[in-house]
Amino acid sequence: MTAGQQPVNSSSDQLQQPDPTFALQAAGIGTWDLDITNQRVWWDERCKQLYGFDKDDVVPYDQVLSYMHSEDRSQVDTAVQWALNPKSEGYYDVRFRTIGAADGRLRWLHCRGRAFFNNQQIAYRFSGIAQDITELMLTRQEADESELKLQSVLNQAPAAIAISMLVGPDLIVTAPNQTFMDTVGKGNDIAGKSLRTLMPELESQPFLQLFDWIFASGESFHSVAQPVRIVQEGEEKNYFFNVAFSPLRNPQGEIYAILGLSFDVTQQVQDRQTIEDSEERYRLLSEQLEEQVQQRTEELAASNEELVAGNEEYAAINEELEEANSLLVRSNNNLQTFAYVASHDLQEPLRKIQQFGDLLKTRFVESVGGDELVYVERMQIAASRMSTLIKDLLDFSRITTRRNQEGVVQLSVVIEDVLSTLDVTVAETGAQIQVDALPDVLGDATQFRQLFQNLLSNALKFRRSDVPSHIRVTSRVLAADELPPTVKPTRRATDYYLITVADNGIGFDEKYLDRIFQVFQRLHGRSQYAGTGVGLAICEKVVTNHGGVITATSQPNQGATFMIYLPAHI
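Here the sequence shown stands for residues 4 to 573, numbered as in the numbering used here.
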């Protein structure tokens, strides 16, 4: 407030205490009123708490300013002066920090108010409300820090992995890591730009049509050694990538972006082509040698020399293959290390986001609008879904790369442990579960627990609403010659255990049988049934690790039966 302003018909006698309502009290919102003439602020008990005062209902305006954060003081005073200007129509809305007068505590406040003017366009009253938004601002800061940490994790991916999100039909590049920017070859300021304009060379390649198809169908796309031409520094270059493109959905189930991961395998493809060319040359050489031996025995000595040369070339080829396999093993180890580090680094910010979301809903449910509450819930749902996906991927990675901890496993004890974990879900659904006598097998107890945890969880999840859920686990012994022709275990044995998990749930069409055991493959939308599409892939990997086979039979609305064949030896 400037000393030169002298509004008419205004005095301290006209300063009226606002009439606080129950809603304001319940929401923790304070009220204030500025005596324009005498430069004093009146506030209620809540406002005193927000500013850290423990006395004086009326405080000089300059003293109020003195307890604001030094970086915000000028901003607040400017906003007040503008509100007292008739051109502003009296509106006042500002966010700032205060340092409590009595407790020294830093708080974020959101103040809103309005000035009223007389016929001479001079402000005669200025009042409004104040709300503590400290938790909200701290949550925003935490979210910003988490986003930076996520970007840092993505940038630490192994050198050949390029990651980015393509948002909307215009394919706006979002959160690209450094490898993606280097691959595109258009500089490091590509975030926020359309991939269609960044890489016009894609017009004559199948990728733009592929992205349109993913947005339209909601299907994922995976390809190995996919060729692509990229213009870098004005020169068109040929690359090969292992690619995976997956649609990302919002809480309403609508596709809003595509997550793209690409692994540069150009060198491996070129090495493989070189090896294949060498093998072809060797094959042709062998054929020529055979013909020469048959036709001209007199040239046997010369032919033998060529054969020796061919064997030397074949030995060199084997050395190249061993080197290529070694490179692939190291690459796989790097990927597993990255998956482990990424999962642990990402889980912490996701937990904080969920905790701050709970705090926001608890503290501000009475004061924030419907839209803000929806945004908080969306944030929590997305964080929970990402946390589950990271955990499932880490479980799958561990099963894929770790050696089994061999020992005698009592499957009856494993099932009993799993049912104890699922007892709440069983009680809620009213499911009846019957478990017959199960054998002891040789293997990894932890992996077998993951196997039956996923199978029984799926049976409970995909139940029918019109009949009580019934699940049965059985076991019997089959001789090797009794196995179905399509069942080909990787470990040979005289006898095999056939363990079945059968339910009377919604079932599935058997034409999708090959698809259900693949990572990220789902037959039902996320809005109908929760999940990440990793569970059955884990089941298949566990059974394969133990030399067995898993398959299934089903019909829609007729339930499903999963059959596990394991070598019967200890």
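C-beta atoms are modelled at their ideal positions from N, C-alpha and C, and glycine is treated no differently. All figures in this text were calculated on a predicted structure; none of them were measured in a lab.
{"Query": "Minimum C-alpha distance to Gln270 - residue among Gly237, Glu283, Glu409, Glu323", "Result": "Glu323"}
{"Query": "Span separating the alpha-carbon of Val246 from that of Gly538", "Result": "22 angstroms"}
{"Query": "Residue from Leu37, Ile39, Ala86, Gly103 with nearest C-alpha to Gln52", "Result": "Gly103"}
{"Query": "Buried or exposed by the 16-neighbour rule on C-beta atoms within 10 Å, applied to His572", "Result": "exposed"}
{"Query": "C-beta contact flag for Asp106 and Gly31 at 8 angstroms", "Result": "no"}
{"Query": "Bridge partner(s) assigned by DSSP for His113", "Result": "Arg98, Gln134"}
{"Query": "Contact between the region 179-193 and the region 277-290 (3+ Cβ pairs under 8 angstroms)", "Result": "no"}
{"Query": "According to DSSP, residues forming a beta bridge with Gln229", "Result": "Phe244"}
{"Query": "Ile258 versus Ser265: straight-line alpha-carbon distance, rounded", "Result": "20 angstroms"}
{"Query": "Simplified DSSP state of Pro559, which is helix, strand or coil", "Result": "coil"}
{"Query": "C-alpha distance - Gln561 paired with Ile175, whole-angstrom precision", "Result": "44 angstroms"}
{"Query": "Beta-carbon proximity check, Ile261 vs Pro250, cutoff 8 angstroms", "Result": "yes"}
{"Query": "Per-residue DSSP class, three states only, for Gly2", "Result": "Since the first residue of the chain shown is 4 and the last is 573, residue 2 is not available in this structure."}
{"Query": "Beta strand (DSSP E) segment containing Val470, residue limits", "Result": "From DSSP, Val470 is part of no beta strand (DSSP E); its letter is neither H nor E."}
{"Query": "8 angstroms Cβ cutoff met for Asp506 and Ser472", "Result": "yes"}
{"Query": "Burial state of Val61, where buried means 16 or more other Cβ atoms lie within 10 Å", "Result": "exposed"}
{"Query": "Helix, strand or coil at Thr186 according to DSSP, with G and I counted as helix", "Result": "helix"}
{"Query": "Cβ-based burial, Leu205 [other Cβ within 10 Å; buried from 16]", "Result": "buried"}
{"Query": "Thr503, enclosing beta strand (DSSP E) - first and last residue", "Result": "498-506"}
{"Query": "Selected residue, minimal CA-CA separation from Tyr95, among Arg108, Phe119, Val272", "Result": "Phe119"}
{"Query": "From Pro488, Ile509, Val480, residue whose alpha carbon lies closest to that of Thr497", "Result": "Val480"}
{"Query": "Limits of the beta strand (DSSP E) - the one that Arg43 falls within", "Result": "43-46"}
{"Query": "Straight-line Cα distance separating Arg76 from Lys90", "Result": "22 angstroms"}
{"Query": "Where the alpha helix (DSSP H) through Val79 begins and ends", "Result": "76-86"}
{"Query": "Option nearest Asp274 by Cα separation, candidates Gln291, Phe511, Phe243, Gln298", "Result": "Phe243"}
{"Query": "For Leu198, the first and last residue of its enclosing alpha helix (DSSP H)", "Result": "198-201"}
{"Query": "Local conformation of Glu206 per DSSP, three classes", "Result": "helix"}
{"Query": "Counted within 10 angstroms of its Cβ, other Cβ atoms place Tyr515 as buried (16 or more) or exposed", "Result": "exposed"}
{"Query": "Bridge partner(s) assigned by DSSP for Val61", "Result": "Trp45"}
{"Query": "Residue from Glu316, Phe129, Thr554 whose Cα sits closest to the Cα of Asn121", "Result": "Phe129"}
{"Query": "Burial state of Leu287, where buried means 16 or more other Cβ atoms lie within 10 Å", "Result": "exposed"}
{"Query": "Cβ-based burial, Asn241 [other Cβ within 10 Å; buried from 16]", "Result": "exposed"}
{"Query": "Where Phe511 sits in the DSSP three-state scheme", "Result": "coil"}
{"Query": "Gly508 beta carbon less than 8 angstroms from that of Phe574", "Result": "There is no way to answer for residue 574, as the model of the chain reaches only from 4 to 573."}
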